[in-house]
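*Asks:* Per the working numbering: the sequence shown = residues 21 to 645. The beta-carbon is built from N, C-alpha and C at its ideal position, and this holds for glycine as well. Fair warning: this is a prediction, and the values are worked out from it, not measured in the lab. For reference, the structure I am asking about is given below.
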Amino acid sequence: MRWAKIGDMMLNKTALGVAISAALSISVSAAEQTIEKITVTANKFEQPINDVLASVAVIDRADIEKANYRDLPAILNTIAGIDIVRNGGLGQKADIFVRGASAKYTLVLVDGVRVSDASSGSVSLTNIPVNSIERVELIKGARAAIYGSDAVAGVINIITRKASNNSLSATLGSHSYSNYQLAGGVVKEALSFNYNLGFEETDGFDVTGKDPAAEYTKDHDDDGYKNKNIGFNLAYELAELGQLSLQSQYSEGEAQYDNAWGNDAYDFENYTAKLGWNKASDVYSQSTSVSVSQEENTQTGTDVQQVYSTERVEFEYRGLYTLTEELDISGGFNYLSEDLSNSSATSSEEKRDNKALFIGAFYSHNKWLANAVVRTDDYDFHGRANTYSTGLGYKANNYVTLRLNHGTAFRAPSLINAFVTNSPYYLPNNNIKPEEALNNELGITLETQWGRYDIAIFDNRINNLISNNYDADSGKYIATNIDKVSMQGFELSAEFSALGFEHSVNFSFLDATDEKTNTDLPRRPSESFNYQLAKTWGDFDASLDMQYRSSRPSIAYYDSELAAYTVFNIAANYQLLDNLSLAARIENITDKEYFTAATGFAASGKLLGYNSAGRTFFVGANYQF
């Protein structure tokens, strides 16, 4: 991308929005309350958000309940720099793009536990139930020095629910949608226990576009979804010995879906469990955790039932030492074991281990902030990967913070890439190497009593990209480190109160390029815009949000362009009684027809895709006891 292009976009495309935001914010009385100070765990310990020196977005339980979001992709799609590609509605496949990088380059955690499929790198975002979520933290940029493999474009950490009150809720909606949730908690002296459980089901709709002039081998029927889930958080304070904790989440269900070649269905069974200990003193804090997890999908709609299964065991020790009042030193050890032996795909190696060491320094004195982290990972079969992350920040005054970040990241090859056997389509490459990334970011944050504003300019490059290349001698594909891509752009975000309303607005510009072919990467919109307007009147609150995505190329196979679209949603809540509240949400209020992924062409030449849900309605009630 040419940086002049970014400059022009910033001047021409956002001038009006900036002017409006500035006018509104100036009109706010200085008597307004200072906004809440946000604490995040982006570096695996609690810090004020402005001390992290990275672009961080946080969506908490209150945000989720106010907007009445139905699934995790809908939550993430409101964040600057994020775009979701859906193969239909609720329960359907949804891929996340963070600053133009595809899903496999974003590490997804539940309570710090990895939940991705180690074969593909994808995560079943739709299968993580909203009722289990307390807050979502998104840290953008290269974070491999903190988190290891896959943290190339960013990290999503889903922190599970810790409900303080017992509550029962029910929601009904379009396409025979139903959702029932129970959550609560109890605190007794040194013991705390929180739980959540839920059931979600919908008949769905036909997710693939029809060509009225063609005959189909697949059925154009409704594609339903079902999810049953349960989770808990248990913690016990051991006086001088620290805190013991146990967290676990479990979900199972089934989904019907259509792809470009026929209809299909799958069952899923996923779980995470983490046993932890932490202890803090005035100068030293330490934590140890052991976790196990499973991500398993079984295709049931075909004659041959393919199983995609990843089982993980992870151990980590981390210490944080306050060397001086201004300087903290962090370091530790991580061990990760991944097992793909229950998958249908055959491989000469079905298990691998990784051992990692890391150390970092975090400095804060007067107006200056700085951090530096180095890490070394040693994967079985793939060799060693060394990464680092550095950040420099300057607090110009009580309101303005400037930040500069530079870091590296990597993504380990899958065992399938290296050791697949007996495949009719693929050959193994025993010499495949990790993908490597280089990330730079320049940002500025303005935080006042009127709101919080942020600008970020980023440059992310991935080298040694793993691509499947055709081998003419065998007639099969082989994974090879030959490609490289670049993703550059900027983001503008603002949250403020003005004219009696709460405003949340962000704009993103992206230039994502395949450096080998000098073409735009598919399915990435160059321009994204999100806006939410909210207001509270006593016991009633309402919000209106808008999402715009510009046109973008489809995958090369279809050689076409996906049209731009704008979608509006509305949500409302009413506190009917002290312990009873009502909720409603209408999605896609204008019934806009659009799609984010293509499936082929009609006989007329019209591009077909995975259908959007159209206008949908949801109503619900929540009872606290």
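I'd like the ranges of any beta strand (DSSP E) spanning at least 3 consecutive residues and lying wholly in the region 500 to 578.
*Replies:* 521 to 534, 547 to 557, 560 to 569
*Asks:* Between the beta-carbon of L340 and the beta-carbon of S305, is there less than 9 Å?
*Replies:* In the sequence shown, counting from the first residue as 1, residue 340 sits at position 320. In the sequence shown, counting from the first residue as 1, residue 305 sits at position 285. Result yes, Cβ atoms of L340 and S305 sit closer than 9 Å.
*Asks:* Please work out which residues of its chain come closer than 7 Å, Cβ to Cβ, to K375, disregarding the five sequence neighbours upstream and downstream, and give them in chain order.
*Replies:* By 1-based counting over the sequence shown, the position of residue 375 is 355. Answer for K375: Y355, D398, listed in chain order.
*Asks:* Put L462 into one of helix, strand or coil per three-state DSSP.
*Replies:* Sequence index remark: in the sequence shown, residue 462 carries index 442 (1-based). DSSP, reduced to helix, strand and coil, places L462 within a strand of the structure shown.
*Asks:* Using the DSSP secondary-structure output, state which residues sit across from W388 in a beta bridge.
*Replies:* The residue you call residue 388 lines up with position 368 of the sequence shown. Answer is H385, Y414.
*Asks:* What residues match up with G109 in a beta bridge as DSSP calls it?
*Replies:* Translated into the one-based positions of the sequence shown, residue 109 becomes position 89. G109 is not bridged to any residue.
*Asks:* What is the residue span of the alpha helix (DSSP H) that R423 lies within?
*Replies:* Start at 1 with the first residue of the sequence shown, and residue 423 comes out as number 403. Here R423 belongs to no alpha helix (DSSP H); instead the beta strand (DSSP E) covers 420 to 431.
*Asks:* Closest by CA to G520, which one among V505, T556, P545, A532?
*Replies:* Within the sequence shown, the letter at position 500 stands for residue 520. G520 has its Cα closest to that of T556, out of V505, T556, P545, A532.
*Asks:* Give the DSSP-derived three-state secondary structure of D231 in the structure shown.
*Replies:* Residue numbering aside, residue 231 sits at position 211 when the sequence shown is read from its first letter. Here D231 sits in coil by DSSP.
*Asks:* Helix, strand or coil for N177? Go by DSSP, reduced to three states.
*Replies:* For this step, residue 177 is matched to residue 157 along the sequence shown. If DSSP states are grouped into helix, strand and coil, N177 belongs with the strands.
*Asks:* Are Q319 and Y286 closer than 9 Å when you measure CB to CB?
*Replies:* Here residue 319 refers to the residue found at position 299 when the sequence shown is read from its first residue. Here residue 286 refers to the residue found at position 266 when the sequence shown is read from its first residue. Yes, these two residues count as a Cβ contact at 9 Å.
*Asks:* Compare the Cα-Cα distances from S86 to each of T308, R605, N417 and report the closest residue.
*Replies:* Numbered from its first residue, the sequence shown carries residue 86 at position 66. Residue identity check: residue 86 is Lys in the sequence provided, not Ser. When C-alpha distances from K86 are compared across T308, R605, N417, the shortest belongs to R605.
*Asks:* Report the option in Y630, S624, Y167 whose CA atom is closest to the CA atom of D231.
*Replies:* As a working note, residue 231 is residue 211 in the sequence shown. Checked all of Y630, S624, Y167; the closest Cα to D231 is S624.
*Asks:* Could you check which residue in N186, S350, N442, N317 has the C-alpha nearest to that of A381?
*Replies:* For the purposes of this step, residue 381 is taken as the residue at position 361 of the sequence shown. Taking only the C-alpha atoms, the option nearest A381 is S350.
*Asks:* Using only the alpha-carbon positions, how far apart do A233 and Y578 sit?
*Replies:* Within the sequence shown, residue 233 is the residue found at index 213, counting from 1. Within the sequence shown, residue 578 is the residue found at index 558, counting from 1. Taking the straight line joining both Cα atoms gives about 19 Å.
*Asks:* Decide if the region 71 to 82 is in contact with the region 159 to 178; the criterion is three or more beta carbon pairs, one per stretch, under 8 Å apart.
*Replies:* Counting Cβ pairs under 8 Å, three or more are found: they touch.
*Asks:* So, for R181: in the same chain, excluding its five sequence neighbours on each side, which residues have a beta-carbon less than 8 Å away from its beta-carbon?
*Replies:* Mapped onto the sequence shown, residue 181 falls at position 161. Hits under 8 Å: R81, N151, S152, I153, E154, A203, N214, N216, G251, N253.
*Asks:* Classify H523: buried if its beta carbon has 16 or more other beta carbons within 10 angstroms, exposed otherwise.
*Replies:* As a working note, residue 523 is residue 503 in the sequence shown. So H523 counts as buried.
*Asks:* Within 10 angstroms of the Cβ of K626, are there 16 or more other Cβ atoms? Answer buried if so, exposed if not.
*Replies:* Locating residue 626 in the sequence shown gives position 606, counting from the first residue. Exposed.
*Asks:* Reducing DSSP to helix, strand and coil, say where T468 ends up.
*Replies:* Position 448 of the sequence shown, counted from the start, is the residue given in the question as residue 468. Reduced to three states, the DSSP call for T468 is strand.
*Asks:* Does DSSP classify R404 as helix, strand or coil?
*Replies:* Stepping through the sequence shown from its first residue, residue 404 is reached at position 384. Strand at R404.
*Asks:* Count Cβ pairs between the region 177 to 195 and the region 383 to 400 that sit closer than 8 Å; are there 3 or more?
*Replies:* no
*Asks:* For the alpha helix (DSSP H) that E85 lies in, which residues bound it at each end?
*Replies:* As a working note, residue 85 is residue 65 in the sequence shown. Here the alpha helix (DSSP H) through E85 covers 81 to 87.
*Asks:* Spatial neighbours of H195 within its chain, please: C-beta separation below 6 Å, excluding the five flanking residues on both sides.
*Replies:* Residue numbering aside, residue 195 sits at position 175 when the sequence shown is read from its first letter. Excluding positions up to five away in sequence, the list reads T222, D223, G224, F225.
*Asks:* Could you tell me which residues DSSP pairs with A618 in its beta bridges?
*Replies:* As a position in the sequence shown, residue 618 is number 598, starting the count at 1. DSSP, once it has assigned bridges, lists G629 as partnering A618.
*Asks:* Three or more C-beta pairs under 8 Å: does that hold for the region 434 to 448 against the region 490 to 499?
*Replies:* yes
*Asks:* Could you give the distance in angstroms between the alpha-carbon of K33 and the alpha-carbon of E515?
*Replies:* Reading the sequence shown from its first residue, position 13 is the one you call residue 33. Reading the sequence shown from its first residue, position 495 is the one you call residue 515. Confidence is the limiting factor: at K33 the pLDDT is only 44, short of 50, which leaves the residue's position unreliable, though a coordinate-based value still follows. So the two alpha carbons sit approximately 19 Å from each other.
*Asks:* Could you have a look at P444 and say whether DSSP puts it in helix, strand or coil?
*Replies:* Stepping through the sequence shown from its first residue, residue 444 is reached at position 424. It is coil, neither helix nor strand.
*Asks:* Between L458, R472, N488, which has its C-alpha nearest R481's C-alpha?
*Replies:* Counting from one through the sequence shown, the residue named residue 481 turns up at place 461. The shortest Cα separation from R481 among L458, R472, N488 belongs to L458.
*Asks:* Given a threshold of 16 other Cβ atoms within 10 Å of its Cβ, counted over all protein chains shown, does R543 qualify as buried or as exposed?
*Replies:* Residue 543 sits at position 523 when you count from the first residue of the sequence shown. Under this definition R543 is a buried residue.
*Asks:* Distance, Cα to Cα, L530 vs M507?
*Replies:* Your numbering for residue 530 matches position 510 in the sequence shown. Your numbering for residue 507 matches position 487 in the sequence shown. Rounded to whole angstroms, L530 to M507 spans 7 Å at the Cα level.
*Asks:* Please list the terminal residues of the continuous alpha helix (DSSP H) segment that includes A641.
*Replies:* The residue labelled residue 641 in the question sits at position 621 within the sequence shown. First-last for A641: 636 to 644, but that is the beta strand (DSSP E), not the alpha helix (DSSP H).
*Asks:* If you pair each beta-carbon of the region 130 to 143 with each one of the region 88 to 97, do three or more pairs fall below 8 Å?
*Replies:* Inter-segment contact for the region 130 to 143 and the region 88 to 97 is absent: fewer than three beta-carbon pairs are separated by less than 8 Å.
*Asks:* Less than 6 Å between C-beta atoms, sequence neighbours within five positions excluded: which residues of the same chain meet that for H385?
*Replies:* Working through the sequence shown from its first residue, we reach residue 385 at position 365. If we look at H385 and ignore the five residues flanking it on each side, its Cβ neighbours are E346.
*Asks:* Under 6 Å Cβ to Cβ from D115, same chain only, skipping five residues before and after it: list those, please.
*Replies:* Stepping through the sequence shown from its first residue, residue 115 is reached at position 95. Counting only Cβ-Cβ distances below 6 Å, and skipping sequence neighbours, we find V105, A123.
*Asks:* Under 8 Å by Cβ, that's how I've got N593 and T98 pegged, so tell me the actual separation to the nearest angstrom.
*Replies:* The residue given as residue 593 occupies position 573 in the sequence shown. The residue given as residue 98 occupies position 78 in the sequence shown. Not a contact, Cβ separation roughly 17 Å.
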